[in-house]
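Novice:
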Amino acid sequence: MESTDETLEFRPKFGSDGLMPVIAQDAVTGEVLMLAYMNGEALKETLACGEMVYYSRSRRCLWHKGETSGCVQKVVSLSVDCDQDTLLAKVRQIGEGACHTGRRSCFYRAVEGGRLRFL
């Protein structure tokens, strides 16, 4: 049986790639806006500035959400899961949306019978 981590010490566990998944959720509606990743530096910047800073896997650099689009995510709260290897960020989305397509959420399609449909 695995031991339970009930500590109140924040010990984020990054993967072998140095990254941790982060779910961004609207703090008011509960809508899941996006899934992204952070490295240690992105987490430190997020905590320091109060806005979401991610690590872009495609560009291989820090990505301050909204720095080019203006669609900033203000941190309302951060929670860590039981293993301390995933974060849940409750945010206040400023601007049109969280998705690079311009939509409010990156999760705008449903999978039904192996096919997609727009929500």
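Converting from the sequence shown to our numbering requires adding 987 to each position, the first position being numbered 1.
Cβ atoms here follow ideal geometry from the backbone N, Cα and C, with glycine treated the same way.
Considering just the uninterrupted stretch of the alpha helix (DSSP H) at A1029, what are its terminal residues?
Specialist: 1027–1036
Novice: By alpha-carbon positions, which one of Q1071, V1059, C1086 ends up nearest to Q1080?
Specialist: V1059
Novice: Under DSSP, the beta strand (DSSP E) around L1075 begins and ends at which residues?
Specialist: 1074–1080
Novice: For G1002 and D1068, what's the separation of their Cα atoms in angstroms?
Specialist: If you draw a straight line from the Cα of G1002 to the Cα of D1068, it is about 14 angstroms long.
Novice: Which whole-angstrom value describes the C-beta separation of A1085 and A1011, a residue pair presumed to lie in contact below a C-beta threshold of 8 angstroms?
Specialist: 6 angstroms
Novice: What's the C-alpha gap between L1075 and F1105?
Specialist: 25 angstroms
Novice: Among residues of its own chain, excluding the 5 on either side of S1066, which ones have a beta-carbon nearer than 6 angstroms to its beta-carbon?
Specialist: L1075
Novice: Kindly indicate which three-state DSSP category C1093 falls into: helix, strand or coil?
Specialist: Here C1093 sits in coil by DSSP.
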